[in-house]
Amino acid sequence: MSSQPPPLLEIEDLRVEFATDDGIVHAVDGVSYQVERGQTLGIVGESGSGKSVGAGTILGLTRASNASISGRILFEGRDLVAMPAHELRRVRGSEISMIFQDPLSSLHPFYRVGHQLVEAIRVHRDVTKAAARERVVELLGLVGIPDPKRRIDDYPHELSGGMRQRAMIAMALANEPKLLVADEPTTALDVTVQAQILGLMERLQRELGMAIILITHDLGVVAEMADDIAVMYAGRIVEVGPTLALFDAPQHPYTWGLLKSIPSLEHDPGDELIPIPGRPPSLIHRPTGCHFHPRCAYAQPAHARTDPSLAPVAGQPAHRVACLLDERARRAAWAALEAGEAPAASAALSTAEDGPG
Amino acid sequence: MGRYIIRRLLWALVLLVLVIALTFAIFYLLPSADPAQLRAGRNATAQNIADIRHNLGLDKPVYVQFWDYLKAVVLHFDLGYSYQSDASVKSLILDRLPATVSLAAGAIVIWMLVGIPVGVISAVRRRSLLDRAAMTVALIGVSVPVFWLGLVLLYLFAADIGKFPLLPGANTYVPLTSDPVKWLTSLIMPWFVLAASSAAVYARLLRGSLIETMQEDYIRTARAKGLLERTVVMRHGLRSALTPLVTVMGLDIGVLLGGALLTETVFNVPGIGRLNYEAIVHSDYPIIQGTVLVAAIFIILANIAVDIVYAFLDPRVRYS
Amino acid sequence: MTAAPSDQPLLEARDLVKHFPITRGIIIQRQVGAIRAVDGVSFEVRRGETLGIVGESGCGKSTTARLVTRLLDTTSGEVHFDGREVTRLKGRELKALRREMQIIFQDPYSSLNPRKTVGSIVAEPLVIHGLHRDDGGRRRRVQELMEIVGLNPEHYNRYAHEFSGGQRQRIGVARALALEPRLIIADEPVSALDVSIQAQILNLLRELQRELDLTLVFIAHDLSVIRQMCNRVLVMYLGKVVELAPNASLYGFPRHPYTGALLSAVPVADPRGRRERQLLTGDVPSPANPPPACRFHTRCPKVEDICRREEPPLEPKGNDTRAACHFPLTREEADLRLPAGLASKRRPAPSR
Chain F
0 MSSQPPPLLE
10 IEDLRVEFAT
20 DDGIVHAVDG
30 VSYQVERGQT
40 LGIVGESGSG
50 KSVGAGTILG
60 LTRASNASIS
70 GRILFEGRDL
80 VAMPAHELRR
90 VRGSEISMIF
100 QDPLSSLHPF
110 YRVGHQLVEA
120 IRVHRDVTKA
130 AARERVVELL
140 GLVGIPDPKR
150 RIDDYPHELS
160 GGMRQRAMIA
170 MALANEPKLL
180 VADEPTTALD
190 VTVQAQILGL
200 MERLQRELGM
210 AIILITHDLG
220 VVAEMADDIA
230 VMYAGRIVEV
240 GPTLALFDAP
250 QHPYTWGLLK
260 SIPSLEHDPG
270 DELIPIPGRP
280 PSLIHRPTGC
290 HFHPRCAYAQ
300 PAHARTDPSL
310 APVAGQPAHR
320 VACLLDERAR
330 RAAWAALEAG
340 EAPAASAALS
350 TAEDGPG
Chain U
0 MGRYIIRRLL
10 WALVLLVLVI
20 ALTFAIFYLL
30 PSADPAQLRA
40 GRNATAQNIA
50 DIRHNLGLDK
60 PVYVQFWDYL
70 KAVVLHFDLG
80 YSYQSDASVK
90 SLILDRLPAT
100 VSLAAGAIVI
110 WMLVGIPVGV
120 ISAVRRRSLL
130 DRAAMTVALI
140 GVSVPVFWLG
150 LVLLYLFAAD
160 IGKFPLLPGA
170 NTYVPLTSDP
180 VKWLTSLIMP
190 WFVLAASSAA
200 VYARLLRGSL
210 IETMQEDYIR
220 TARAKGLLER
230 TVVMRHGLRS
240 ALTPLVTVMG
250 LDIGVLLGGA
260 LLTETVFNVP
270 GIGRLNYEAI
280 VHSDYPIIQG
290 TVLVAAIFII
300 LANIAVDIVY
310 AFLDPRVRYS
Chain S
0 MTAAPSDQPL
10 LEARDLVKHF
20 PITRGIIIQR
30 QVGAIRAVDG
40 VSFEVRRGET
50 LGIVGESGCG
60 KSTTARLVTR
70 LLDTTSGEVH
80 FDGREVTRLK
90 GRELKALRRE
100 MQIIFQDPYS
110 SLNPRKTVGS
120 IVAEPLVIHG
130 LHRDDGGRRR
140 RVQELMEIVG
150 LNPEHYNRYA
160 HEFSGGQRQR
170 IGVARALALE
180 PRLIIADEPV
190 SALDVSIQAQ
200 ILNLLRELQR
210 ELDLTLVFIA
220 HDLSVIRQMC
230 NRVLVMYLGK
240 VVELAPNASL
250 YGFPRHPYTG
260 ALLSAVPVAD
270 PRGRRERQLL
280 TGDVPSPANP
290 PPACRFHTRC
300 PKVEDICRRE
310 EPPLEPKGND
320 TRAACHFPLT
330 REEADLRLPA
340 GLASKRRPAP
350 SR
């Protein structure tokens, strides 16, 4: 093992908490994962699962006076959590870049797109404005913006949604990062434009060899894009593994829930969807034991007391799950779901969530 | 862009005519103020009053009177004559304008120089001791009455009555053209008095606006690019956070040019506010009417200026 | 109520047009153009069915919903509800019409007043229409409705802001059901909800439709959701209907290249089904200045000269499908665009 080079990014037991007036928000709660060079890790979860906070923390964007961050984020061996702000700044936008959900609000409305890209180049590289501008034209062309020489002087509101996200990607790639963190990059876009952007990201990854962390709520997007997938729930990773393994034999009831509750073109439309009952938990007052147990159709009384940790699935060291059910029970439950049987506890299909929050 | 500005200007013209109509209505048509009677004095006969009324054109139909008034105002800026001094209102106002402009300009410079840095520091170091201290002082600044602050300053620092006679006191205004140094020293105290509450308002306003701006997605993008935090705040945050201030400042400038009545009165600065005060004391209606009209014009002009500046600041305004 | 023969569609839209004027002018505003949000749309909604309307932003699907429910006035065209022309109804007649058609909105956060109790929100339509005038009866009816949509009736006096997104959408559904409408139009009812909650609402709507014999128009941008919910599907592009087909035909053999592109673009949660996407180039043109003739020609992979000159009519293309295209997709072209799971039902999936 010692001969293998270390992964590009290695996150160990990352915790991010925010002190608020209502109590401490445990946004990220002991998350560990790795990203290899040139690979894509998909992180799937709902709002409040901690997926975006965790990703922002890589770049130190969640640093704030009310935030407490612990654990390690090793990027090529350097710990980004412990790194002082002035050093971390040099990593941001040069070695690690980020793109966001809403490209319109993510670009400054008062500055021309070209200006914002030139700024991204010149903050890390000692080049003249003219040289940076030339590079920007090249970048805009690379991401498929037609007529980049003219578009460079557009304001963000003059571009379409897809073009804006292309411009954001161009900005992220300006300094040839080794890692691109993409936080719901296509959620705000129309489906045909989403396909364009995902295709663009795939092509750029092939050409530039960067690694991608792709954060999304859409299992379809990660199925098409990711080499590995981590499923997050209530601040933790509940299941992680290679994409094929995870879709062939998903292990966690929450993953099953996501797969079976979302209409898919692969589903037979005659099948009822099997919803996940209840709603995502509060991150201030989290359920005891397994955080998913109040919504889990297979939960046992003991699951409210024991907190599961990630453990490898038998024979598949790369596929790990945090579930208290034993492996045989899991296999049987998934087989039943695949056969179209709804789990007993969620038979009352339209059961509403618990009382008002 | 050009179309936008032209539209603004035309609207301003319409507004000006409306304002002129309103002042005309208030001062010419209200029964409390029969100009002929006022002008005739106490011992006038009915014949005197009728003569005056005829001379002033007050016996003509209202719309003719308004038309004459409008023509006079628009073509010659003729606002009539003062009852007290028999000077034209126009010349009185023009005489007083430099003092008001001096007072306003200095105060604006001071409050911007104080308000903006304090607002920025408070927003960036939110909830720090510095922020709390600054906001407390600002709260006091907003609350303290101008005349009280003016009197306290005079009592402390005025050369004639002050405990620490450092600065010229009231009634020492000298035009800039005759003696720049005396002009400056005489205005220091009025400037500060006039600037105090506005500096506080601007600091608080900017603090709130900047705190809000710093939550924007594009600020996150700026940080993710690796910009220096200073650049993030000054170039990305402040640029957006200042735009609401432009609106307020435009109005404030307009209002100030209409005369800072209290400050001018306390320090006896011979500006439009002081003129207005004297006119009110003596029921000198043409002057009051003139100053009101001038104040309204300044506010309208300031508003246009704001709209135009806005279009330069925010490209999205230009677009629509 | 007029007794209409039951084979007559419940709702019929004919040549529906909505243009939002673009005005310019210094003082006097004159119209210089129009956003052609809906531009000649015809369709019918049959009794008891769910009709899906799908398309990307700016295609006019939400405007269409607002036109048929009279939340917006039509520029031209007709809407027949149960045999009556309704676009010019006013006053009492309009109010009566509103009882029969209800709309559920996308965003349960902004469409419910957070300062009102659930009880008063759901009771509001009853009050407006003067039903259940006594307080006890009205309360019973509201609690019954809350029960139907899966809310706890004891929460009658809670405020809307106390509820999560999914529960708020249930409140919106209860409000829509209060008047026992015959037609419910659901405008993107789940797109603002968390993924784990969406299925709850979708299942609720399906159940309610079955149990209450509702007719549903379901508007969404998500083809998978539409497939799950609808009997027939209307695909819109830039204010026009490009394809109208029964569910099985549309998802089995899409004929319009735009439908094909939409299907090809949907990411499928099956890593083994990864396929070469048939990507469209460019963006949706502005509805203020739509391309002439076939509006899709600027992005269409099959475009020919005639597409730029002549607008294709919406006409039968077999399989009960109507499509507006000069060169509809062939079987092979359609299969290339369908996800493996759909295409393989007809032929073996291409080996990868």
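Keeping their order, the protein sequence lines are chains F, U and S.
Counting from 0, one number per residue, gives the positions in the first sequence under numbering that gives the first Met the number 0.
Counting from 0, one number per residue, gives the positions in the second sequence under numbering that gives the first Met the number 0.
Counting from 0, one number per residue, gives the positions in the third sequence under numbering that gives the first Met the number 0.
Where a beta carbon is used, it is the ideal one built from N, C-alpha and C, also for glycine.
Taken in chain order, the complete alpha helix (DSSP H) segments of 4 or more residues contained in the stretch 53 to 83 of chain S are 60 to 67. For S:LYS17, the enclosing beta strand (DSSP E) covers residues 10 to 23.
Contact check for S:ALA159 against S:VAL189 fails: the beta carbons are separated by 9 Å or more. In the DSSP assignment, F:SER104 falls within the alpha helix (DSSP H) that extends over 102 to 105.
For U:GLY225, the neighbours in chain F by C-beta distance under 7 Å run, in chain order, ARG88, ARG89, ARG91, GLY92, SER93, VAL122 and HIS123. At a cut-off of 9 Å between C-beta atoms, S:ILE196 counts as an interface residue with respect to chain F. DSSP places S:TYR236 in the uninterrupted beta strand (DSSP E) bounded by 231 to 236.
Its Cα nearest to that of U:LEU256, the residue U:ILE299 stands out among U:ILE299, U:ILE25 and U:TRP147.
Less than 9 Å separates the beta-carbon of S:GLY82 from that of S:GLN7.
At a cut-off of 9 Å between beta carbons, S:ASN202 contacts chain F.
Within the same chain, and ignoring the five residues on either side of S:ARG226 in sequence, the residues whose Cβ sits closer than 7 Å to its Cβ are ASN246 and TYR250. Note on geometry: alpha-carbon atoms of S:LEU261 and S:ASP221 lie some 9 Å from one another. Secondary structure at S:VAL224: helix, using DSSP grouped into helix, strand and coil. Between the stretch 140 to 149 of chain S and the stretch 93 to 106 of chain S, the count of C-beta pairs closer than 8 Å stays below three; the two stretches do not touch.
Rounded to whole angstroms, the Cβ separation of U:ASP313 and F:PHE109 is 6 Å, and the two are in contact under 8 Å.
Residues of chain F with a Cβ closer than 7 Å to the Cβ of S:ALA260 are, in chain order, THR191. In the DSSP annotation of this structure, the continuous segment of the beta strand (DSSP E) that includes F:GLU9 starts and ends at 8 to 19. Residue state for S:LYS239 is assigned as strand, using DSSP reduced to three classes. For F:GLN33, the uninterrupted beta strand (DSSP E) segment begins and ends at 22 to 34. F:GLU45 counts as buried, since no fewer than 16 other beta carbons sit within 10 angstroms of its beta carbon.
In this structure S:ASN202 is buried. Its beta-carbon is surrounded by 16 or more other beta-carbon atoms within 10 angstroms. Annotated three-state conformation of F:TYR154 is coil, per DSSP. S:GLY340 and F:GLY269 have their C-alpha atoms spaced approximately 15 Å apart.
From the listed residues F:ARG62, F:THR254 and F:MET200, the smallest Cα separation to F:VAL43 is found for F:THR254.
The C-beta distance from S:ALA322 to S:HIS255 rounds to 4 Å, short enough to meet the 8 Å contact threshold. Excluding its 5 nearest sequence neighbours in each direction, F:GLY49 has C-beta neighbours in its own chain below 6 Å: ALA26, VAL27, MET231 and GLY234, listed in chain order. Three or more beta-carbon pairs drawn from the stretch 145 to 158 of chain U and the stretch 249 to 267 of chain U are found closer than 8 Å, and the two stretches are therefore classed as touching. One alpha carbon belongs to F:HIS107, the other to F:ALA171, and they sit about 15 Å apart.
From the beta-carbon of S:GLN227, the residues of chain F found nearer than 8 Å are PRO262, HIS266, PRO268 and LEU272. Between S:ASP133 and S:ALA244, the CB-CB gap reaches or exceeds 9 Å. For U:GLU215, the C-beta contacts it makes with chain F under 8 Å involve SER104, in order along the chain.
At a C-beta separation below 8 Å, S:GLY238 has no neighbours in chain F, since its nearest C-beta there lies roughly 15 Å away.
In this structure F:ASP182 touches F:ILE214 by the C-beta definition: roughly 5 Å separates them, less than 8 Å. Looking at U:ASP85, U:ASN170, U:GLY140 and U:ALA310, the one whose alpha-carbon comes closest to that of U:LEU153 is U:ASN170. Within the stretch 99 to 147 of chain S, the complete alpha helix (DSSP H) segments at least 4 residues long are 117 to 127 and 134 to 147, listed from N- to C-terminus. Listed along chain F are PHE109, each with a C-beta nearer than 9 Å to that of U:LEU312.
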